[in-house]
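A short write-up of the structure that comes next.
Protein chains in written order, with UniProt numbering: chain A, 1 to 199; chain B, 1 to 199.
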């Protein structure tokens, strides 16, 4: 069939998208968010500048999609936290996976560069919360709610505060490279947080 | 006496030092650590470039001294945490003061810029820990030790972890502007941390 020999536009378009995301993440790691240009992304990705402008309305939009794409494959499952009925076991599983991710140089370099930008740029911080952190936090809160209904976490617990107690120490330790990121550390944070919010 | 009319070199030298510190902090807020030059500091402070090179061996050294100077006057007292025998009351006093400091735009702007640099620069992170964070943490740990002896905190508690649970949520909330910094928030962090580390 002649159709098999023709280039597949949908497939080429997806390859181009992935090349643009990869180039964006690499450039952010190398030169920092502020110094990345659409021109440089296009050059590295082997794509046309106009293609990028047609698909995204700003540099920030490409950057966010490139981070979303990083875990797009596993995204559907990731957005639902495991719910075996045992909040301690489920949180330890998730926190250990997070620690492993942050300890991976390939994963952490672009995230680190993005974090440095977010600190100085309130607009970027707001976008980050809305597009990346927000949806993930909602998924986590859904799991915590289920633990509240099961009487494993105080019914009046502020879930924003639960997430801060659980994740902020790990985030700060990673950001400042101030201590080891180990499975034992992940477990300790879960144990302490559950004790602090015990009914 | 003629000596009263002569310029006082020690005093002029201290004024010059303070002008250099102020210029350094202002420039970091305005253009970011990476873009601050010794030339620009000298020009804004009305000092000679050679003076700066004579007093400090690097840009990082001037920057750190300029942050140390920010609380130099209160430094001696700050380094000792209050010890009334009531760890809850003492920590709430200190945490409320920290929240107030981070909510002050004049104080927070240069600290924010410095934090963004620390994230991308492991050497700067190590210097920050050694010169600024380290001594303050030792003072806090001394107070926590005293609470351990009084049976108010578990004897086997990891004091690094106590400090992370207490301060990292506040730090992250400030860094990401993700929630209000209030006295109630300071109190909540103290209550939760003490519950998590209860003997």
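From the three backbone atoms N, C-alpha and C, an ideal C-beta is built for every residue, glycine too.
In this text the structure is predicted, and so the values were computed from the model without any measurement.
What are the boundary residues of the alpha helix (DSSP H) that residue 51 (chain A) is part of? Within the first chain, residue 51 (chain A) is the residue found at index 51, counting from 1. Segment 49-55, the alpha helix (DSSP H) holding residue 51 (chain A).
Which first and last residues belong to the alpha helix (DSSP H) in which residue 228 (chain A) is found? No answer is possible for residue 228 (chain A): it lies beyond the span of chain A, which begins at 1 and ends at 199.
Per-residue DSSP class, three states only, for residue 2 (chain B): Along the second chain, read from residue 1 onward, the residue named residue 2 (chain B) stands at position 2. Reliability of the predicted coordinates at residue 2 (chain B) is poor, the pLDDT of 44 falling under 50, and the value obtained from them is presented with this limitation in mind. Helix.
For residue 37 (chain A), count the other beta carbons within 10 Å of its own beta carbon; 16 or more makes it buried, fewer makes it exposed. Which is it? To locate residue 37 (chain A), count along the first chain from 1; it is residue 37. With fewer than 16 other Cβ atoms within 10 Å, it is exposed.
With 9 Å as the threshold, decide whether the Cβ of residue 117 (chain B) is near any Cβ in chain A. For the purposes of this step, residue 117 (chain B) is identified with residue 117 of the second chain, where counting begins at 1. With 9 Å as the cut-off, residue 117 (chain B) counts as an interface residue toward chain A.
Among the candidates A:115, A:140, A:175, whose CA atom is the shortest distance from the CA of residue 90 (chain A)? If you number the first chain from 1, residue 90 (chain A) lands on position 90. The candidate whose alpha carbon is nearest that of residue 90 (chain A) is A:140.
Neighbourhood of residue 16 (chain B) by C-beta, 6 Å cutoff - its chain only, sequence neighbours within 5 removed: Your numbering for residue 16 (chain B) matches position 16 in the second chain. In chain order, 47 place their CB closer than 6 Å to the CB of residue 16 (chain B), counting only its own chain and leaving out the 5 sequence neighbours on each side.
If you drop the 5 nearest sequence neighbours on each side, which residues of the same chain put their C-beta closer than 8 Å to that of residue 57 (chain A)? Reading the first chain from its first residue, position 57 is the one you call residue 57 (chain A). No residues qualify anywhere along the chain.
Proximity winner among B:196, B:59, B:183, B:116, relative to residue 96 (chain B) (alpha-carbon distances): Stepping through the second chain from its first residue, residue 96 (chain B) is reached at position 96. It is B:183.
Start-to-end residues for the alpha helix (DSSP H) that takes in residue 180 (chain B): Along the second chain, one-based indexing puts residue 180 (chain B) at 180. Here residue 180 (chain B) belongs to no alpha helix (DSSP H), and DSSP marks it neither H nor E.
Enumerate in chain order the residues of its own chain whose CB-to-CB distance from residue 143 (chain B) is below 7 Å, with the five nearest sequence positions on each side excluded. Residue mapping note: residue 143 (chain B) aligns to position 143 of the second chain, counting from 1. Closer than 7 Å at Cβ, skipping near neighbours: 81, 83, 90.
Please list the partners that residue 172 (chain B) has in chain A, where partner means a Cβ-to-Cβ separation under 7 Å. Start at 1 with the first residue of the second chain, and residue 172 (chain B) comes out as number 172. 164, 168, 171, 172, listed in chain order.
Out of curiosity, what's the CA-to-CA distance linking residue 175 (chain A) and residue 25 (chain B)? The residue you call residue 175 (chain A) lines up with position 175 of the first chain. The residue you call residue 25 (chain B) lines up with position 25 of the second chain. Whole-angstrom Cα-Cα distance: 22 Å.
When you compare the CB of residue 73 (chain B) with every CB in chain A, is at least one pair closer than 9 Å? Along the second chain, one-based indexing puts residue 73 (chain B) at 73. Annotation note: pLDDT 47 at residue 73 (chain B) (below 50); position unreliable, no value reported.
Are the beta-carbon atoms of residue 197 (chain B) and residue 153 (chain B) separated by less than 9 Å? Sequence index remark: in the second chain, residue 197 (chain B) carries index 197 (1-based). Sequence index remark: in the second chain, residue 153 (chain B) carries index 153 (1-based). Going by beta carbons, residue 197 (chain B) and residue 153 (chain B) fall inside the 9 Å limit.
Express the C-alpha separation of residue 181 (chain A) and residue 100 (chain A) in angstroms, rounding to a whole number. Taking the first residue of the first chain as 1, we reach residue 100 (chain A) at position 100. Taking the first residue of the first chain as 1, we reach residue 181 (chain A) at position 181. C-alpha separation (whole angstroms): 8 Å.
Using the rule of at least 16 other Cβ atoms within 10 Å of the residue's Cβ for burial, across every protein chain shown, is residue 92 (chain A) buried or exposed? Position 92 of the first chain holds residue 92 (chain A). That one is buried.
Does the distance from the CB of residue 165 (chain B) to the CB of residue 98 (chain B) come in under 9 Å? Locating residue 165 (chain B) in the second chain gives position 165, where the first residue counts as 1. Locating residue 98 (chain B) in the second chain gives position 98, where the first residue counts as 1. No, Cβ-Cβ distance for residue 165 (chain B) and residue 98 (chain B) is not below 9 Å.
So, is the C-beta of residue 177 (chain A) closer than 9 Å to a C-beta in chain B? Stepping through the first chain from its first residue, residue 177 (chain A) is reached at position 177. Yes, contact with chain B.
In the stretch 133-197 of chain B, which residue ranges form an unbroken alpha helix (DSSP H) of at least 4 residues, counting only runs that do not cross its ends? Given a length threshold of 4 residues, each whole run of the alpha helix (DSSP H) inside the stretch 133-197 of chain B is given here in chain order: 134-149, 159-176, 183-196.
8 Å Cβ cut-off: residues of chain A touching residue 120 (chain B): Here residue 120 (chain B) corresponds to residue number 120 of the second chain, with the count starting at 1. What residue 120 (chain B) touches in chain A: 32, 112, 113, 116.
Can you give me the start and stop residues for the alpha helix (DSSP H) that residue 199 (chain A) sits inside? Taking the first chain and counting its residues from 1, one reaches residue 199 (chain A) at position 199. In the DSSP assignment, residue 199 (chain A) falls outside any alpha helix (DSSP H) and carries neither an H nor an E.
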